[in-house]
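Here the working numbering runs 64 ahead of the position in the sequence shown, where the first position is 1. Ideal placement from N, C-alpha and C gives every residue a C-beta, glycine not left out. All values derive from a computational prediction rather than experimental measurement. One structure is given here, and the rest of the page talks about it.
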Amino acid sequence: MPVYSRVLLKLSGEVLAGSKSFGLDLKAVEAIACEVAEVAKAGVELAMVVGGGNIFRGVEAVKGGMDRAQADYMGMLATVINALALQDSLERLKVPTRVQTAVEMRQLAEPFIRRRAIRHLEKGRVVIFAAGTGSPYFSTDTAAALRAAEIRADCLLKGTKVDGVYEKDPEKEPDASFLPHISYMEALTRQLKVMDATAFSLCMENAVPIVVFNILRPGNLRRIVLDGERVGTVVDSSKG
Ligand code: UDP
Numbered sequence: 065m066p067v068y069s070r071v072l073l074k075l076s077g078e079v080l081a082g083s084k085s086f087g088l089d090l091k092a093v094e095a096i097a098c099e100v101a102e103v104a105k106a107g108v109e110l111a112m113v114v115g116g117g118n119i120f121r122g123v124e125a126v127k128g129g130m131d132r133a134q135a136d137y138m139g140m141l142a143t144v145i146n147a148l149a150l151q152d153s154l155e156r157l158k159v160p161t162r163v164q165t166a167v168e169m170r171q172l173a174e175p176f177i178r179r180r181a182i183r184h185l186e187k188g189r190v191v192i193f194a195a196g197t198g199s200p201y202f203s204t205d206t207a208a209a210l211r212a213a214e215i216r217a218d219c220l221l222k223g224t225k226v227d228g229v230y231e232k233d234p235e236k237e238p239d240a241s242f243l244p245h246i247s248y249m250e251a252l253t254r255q256l257k258v259m260d261a262t263a264f265s266l267c268m269e270n271a272v273p274i275v276v277f278n279i280l281r282p283g284n285l286r287r288i289v290l291d292g293e294r295v296g297t298v299v300d301s302s303k304g
């Protein structure tokens, strides 16, 4: 029996780049699609929000002189490219999907309509939310927190390249200890980088539990959603 009946999986764009530092690695996309397909075929309602950092990140373009809003719209378009790649991979694995975009582009995807998204999930379709929130100055983490609350997901699974949350940055301080379970308050007061502040406070206010885990380790998604194993870091309102 799956532990969760409806989940929102957030994928950062960089996990779709594979070993490349930029763009899409179709083998990496396929590998992730396989993990998602296994969970979807087990009957779990699965929605996804995908980032775009492997293609374009607004704040970085601003450093080069671009207008922030303009750069952010480009970033949102990058997430649509990733969403279409994932959709293609999932459908080749015989998983029915729908892409819904927060910025209308009707020739290639449905516009975001909350009730329709829920209906798709109930019918066993994986719904991929693209174009973030549709507004500049936000992140796809915030879009994930927002959509998770809107579809009343049991939890937000943040699939990353790292195993979870550490007390310090493990890349700078190799002795940093791993935190398997923390409360929202602890993450805030210790300034642990779970998500950006807007995303994080949305989860806290709406009591959406977060699991930060390594999506690049095969089987992790299944372990969390189907087997109920403790993988990664859980952030919720209970004590750590
Ligand atoms: N973005 C935005 N509004 C949103 C979501 C995303 O403007 O609601 C833009 C922003 O420029 C961001 C880019 O899209 O840098 C890609 O998203 P993000 O950096 O969150 O992707 P990730 O880091 O998850 O790959």
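Problem - Close Cβ partners of residue 279 (< 6 Å) along its chain, the five nearest in sequence each way excluded - result: 79, 223
Exercise for the section: Please confirm whether residue 305 and residue 154 have their CB atoms less than 8 Å apart. Expected result: In the structure as shown, the chain begins at 65 and stops at 304. Residue 305 is therefore absent and cannot be evaluated.
Practice task
Would you check if there are 3 or more beta carbon pairs closer than 8 Å linking the region 208-220 to the region 117-137?
Solution key: no
Handout entry: Contact test: residue 136 Cβ vs the ligand UDP heavy atom, cutoff 7 Å
Key = yes
Exercise for the section: For the region 204-254, list the beta strand (DSSP E) runs that are entirely contained and at least 3 residues long, ordered along the chain. Expected result: 219-224, 245-247
Handout entry: For residue 89 and residue 83, the rounded distance between their alpha carbons
Key = 8 Å
Practice task
Classify residue 74 as helix, strand or coil using the three-state DSSP reduction.
Solution key: strand
Exercise for the section: Confirm the yes/no value for this check: CB of residue 123, any heavy atom of the ligand UDP, distance under 7 Å. Expected result: yes
Handout entry: As assigned by DSSP and simplified to three states, the class of residue 197
Key = coil
Practice task
For residue 140, verify whether its CB is less than 7 Å away from any heavy atom of the ligand UDP.
Solution key: yes
Practice task
Indicate whether residue 270 and residue 213 have their beta-carbon atoms separated by less than 8 Å.
Solution key: yes
Practice task
Verify the CB distance criterion: does residue 108 have a CB-CB separation below 8 Å to chain B?
Solution key: Among the chains in the structure shown there is no chain B, since it carries only a single protein chain.
Handout entry: Where the alpha helix (DSSP H) containing residue 264 begins and where it ends
Key = 261-269
Exercise for the section: Say yes only if the C-beta of residue 66 is nearer than 7 Å to one or more non-hydrogen atoms of the ligand UDP, and no if none qualify. Expected result: no
Exercise for the section: Report yes if the C-beta of residue 197 is less than 7 Å from at least one heavy atom of the ligand UDP; otherwise report no. Expected result: yes
Problem - Proximity test, residue 227 beta-carbon vs the ligand UDP heavy atom, cut-off 7 Å - result: no
Problem - Cβ separation of residue 115 and residue 76, assumed to be a contact under 8 Å, to the nearest whole Å - result: 4 Å
Problem - Alpha-carbon spacing of residue 229 relative to residue 263, whole angstroms - result: 16 Å
Practice task
Express the C-alpha separation of residue 199 and residue 294 in angstroms, rounding to a whole number.
Solution key: 35 Å
Handout entry: Residue interval of the beta strand (DSSP E) (run including residue 284)
Key = Note, residue 284: premise wrong, no beta strand (DSSP E); alpha helix (DSSP H) at 284-289.
Exercise for the section: May I ask whether a heavy atom of the ligand UDP can be found less than 7 Å away from the beta carbon of residue 118? Expected result: yes
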